Amino acid sequence: MLAGPEASTQDKGSSPELGGSVRADYTIDQNWNDYSAEDHAIWRALFDRQAKLLPGRVVPEFLEGLDFLAVASDGIPDFRRLNELLAKATGWTIVAVPGLVPDAVFFDHLANRRFPATRWIRSREQLDYLEEPDLFHDVFGHVPLLANQIFADYMQAYGRGGLRASGKGALQYLARLYWYSVEFGLIRTDEGLRIYGAGIASSKSESLFALESVSPNRIVFDLERVMSTRYRIDDFQECYFVINSFRHLFESTAQDFAPIYRRLDGCPDYDPGVVLECDEVLTRGNGSYHR
Ligand code: HBI
Ligand code: FE
13 MLAGPEASTQ
23 DKGSSPELGG
33 SVRADYTIDQ
43 NWNDYSAEDH
53 AIWRALFDRQ
63 AKLLPGRVVP
73 EFLEGLDFLA
83 VASDGIPDFR
93 RLNELLAKAT
103 GWTIVAVPGL
113 VPDAVFFDHL
123 ANRRFPATRW
133 IRSREQLDYL
143 EEPDLFHDVF
153 GHVPLLANQI
163 FADYMQAYGR
173 GGLRASGKGA
183 LQYLARLYWY
193 SVEFGLIRTD
203 EGLRIYGAGI
213 ASSKSESLFA
223 LESVSPNRIV
233 FDLERVMSTR
243 YRIDDFQECY
253 FVINSFRHLF
263 ESTAQDFAPI
273 YRRLDGCPDY
283 DPGVVLECDE
293 VLTRGNGSYH
303 R
């Protein structure tokens with residue numbers, strides 16, 4: 013559960029508390045030496061809890077990417093060290109930012125294989141619930157799959173698509189695509205459904221809810237269906253969209269979106285809990301959690 017893209021991305025201006033100012037592209041220095049022992053202890057507590065919980069629940073490629081993080085350090089990764097490994101693997105680097113950045117800035121970073129990661133980590137009181145994405149969500153949740161070639165290509169293609177999108181409608185369709193894939197996506201494997209979305213993988217409670225709860229719908233991913241579906245930013249999802257493979261996701265978005273946006277502008281949007289005639293429903297939820 014985290015604040016989604018609709019959270020305001022107020023301009024932070026210079027950020028004295030971070031010991032420096034925010035650059036034009038919203039990046040700041042990570043200042044890894046400034047993290048406290050408590051910050052590192054919180055990272056380890058969250059990392060160890062998810063590393064224990066995720067095997068058998070998360071897509072195997074995620075666990076392979078997690079190894080990168082584990083070697084980077086046993087506390088909060090130093091982006092300089094992490095980037096040496098990640099850049100070699102897929103050309104991606106992590107850049108520190110103060111928090112949510114404006115869409116256009118976010119898209120530009122992704123289009124250049126730079127992932128904006130929040131510099132600050134949550135407090136102990138926030139271990140289970142967090143409004144905005146923090147460093148643990150961004151780095152533990154998103155970085156492992158940036159080490160996977162196809163997913164890394166998808167993320168850059170998404171950023172490029174974002175740069176081409178202009179106007180409110182397109183940005184909303186793209187934000188929904190990001191939300192239901194990169195943040196809260198599930199994937200079919202021979203062993204069953206697995207998590208790949210960062211918002212799920214970085215959350216203990218949603219890692220359990222997304223796969224095991226009888227409440228949400230689980231529907232096969234369809235690009236236009238996803239782009240037409242609203243989402244909640246402050247609670248578990250009412251539906252999860254399921255891809256067959258990362259290639260399936262990449263191919264469904266490797267096309268010109270302009271005609272799709274035009275078609276969608278004339279179609280209705282859907283509440284997250286609905287099931288449509290045209291849906292390929294894998295599990296029909298009973299909606300008990302959200303009632
Ligand atoms: N900024 N730092 C950061 N992280 C995000 O995930 C993020 C963002 N800004 C915008 C955004 N996500 C979404 O609007 C995307 O769908 C574009
Ligand atoms: Fe995220």
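Note that my numbering has the sequence shown beginning at 13, numbered continuously upward. Each residue gets a CB set at the ideal place from its N, CA and C atoms; glycine is no exception. None of the values given here were measured: they were computed from a predicted structure.
Checklist line | Where the alpha helix (DSSP H) containing N43 begins and where it ends | finding: Here residue 43 corresponds to residue number 31 of the sequence shown, with the count starting at 1. Careful: N43 lies outside any alpha helix (DSSP H) and carries neither H nor E.
Notebook entry, point to check: Going by the C-beta, is D150 closer than 8 Å to any heavy atom of the ligand FE?
Noted result: Your numbering for residue 150 matches position 138 in the sequence shown. Yes, the beta carbon of D150 sits closer than 8 Å to at least one heavy atom of the ligand FE.
Checklist line | Of the residues I40, P156 and E143, the one placed nearest L81, counting alpha carbons only | finding: Mapped onto the sequence shown, residue 81 falls at position 69. For the set I40, P156 and E143, the Cα lying nearest the Cα of L81 is the one of P156.
Next item on the list: Rounded to whole angstroms, what's the CA-CA distance from E218 to I212? Just pull it up for me.
Entry: One-based indexing of the sequence shown puts residue 218 at position 206. One-based indexing of the sequence shown puts residue 212 at position 200. Spanning the two alpha carbons is a distance of roughly 5 Å.
Notebook entry, point to check: Tell me, which residues are paired with F127 by DSSP?
Noted result: Sequence index remark: in the sequence shown, residue 127 carries index 115 (1-based). F127 pairs with I106.
Next item on the list: For I231, name the three-state secondary structure that DSSP assigns.
Entry: Within the sequence shown, residue 231 is the residue found at index 219, counting from 1. Looking at I231 - three-state DSSP - the assignment turns out to be strand.
Next item on the list: Measure the C-alpha to C-alpha separation of L186 and G173 and round it to an integer number of angstroms.
Entry: Residue 186 sits at position 174 when you count from the first residue of the sequence shown. Residue 173 sits at position 161 when you count from the first residue of the sequence shown. Taking the straight line from one Cα to the other gives about 8 Å.
Notebook entry, point to check: For G111, does the three-state DSSP call read helix, strand or coil?
Noted result: Taking the first residue of the sequence shown as position 1, residue 111 is located at position 99. DSSP places G111 in coil when its eight states are reduced to three.
Item checked: G68 CB to nearest heavy atom of the ligand FE below 8 Å -> Locating residue 68 in the sequence shown gives position 56, counting from the first residue. In this structure, G68 has its beta carbon at no less than 8 Å from each heavy atom of the ligand FE.
Margin query: Within the continuous alpha helix (DSSP H) that includes L65, where are the two ends?
Written below: As a position in the sequence shown, residue 65 is number 53, starting the count at 1. Residues A49 to L65.
Notebook entry, point to check: Does the beta-carbon of C290 have 16 or more other beta-carbons within 10 angstroms, so that it is buried, or is it exposed?
Noted result: Against the sequence shown, residue 290 aligns to sequence position 278. Within a 10 Å sphere around the beta-carbon of C290 sit fewer than 16 other beta-carbons, which makes this residue exposed.
Next item on the list: Put V287 into one of helix, strand or coil per three-state DSSP.
Entry: Here residue 287 is taken as the residue at index 275 of the sequence shown, counted from 1. Here V287 sits in coil by DSSP.
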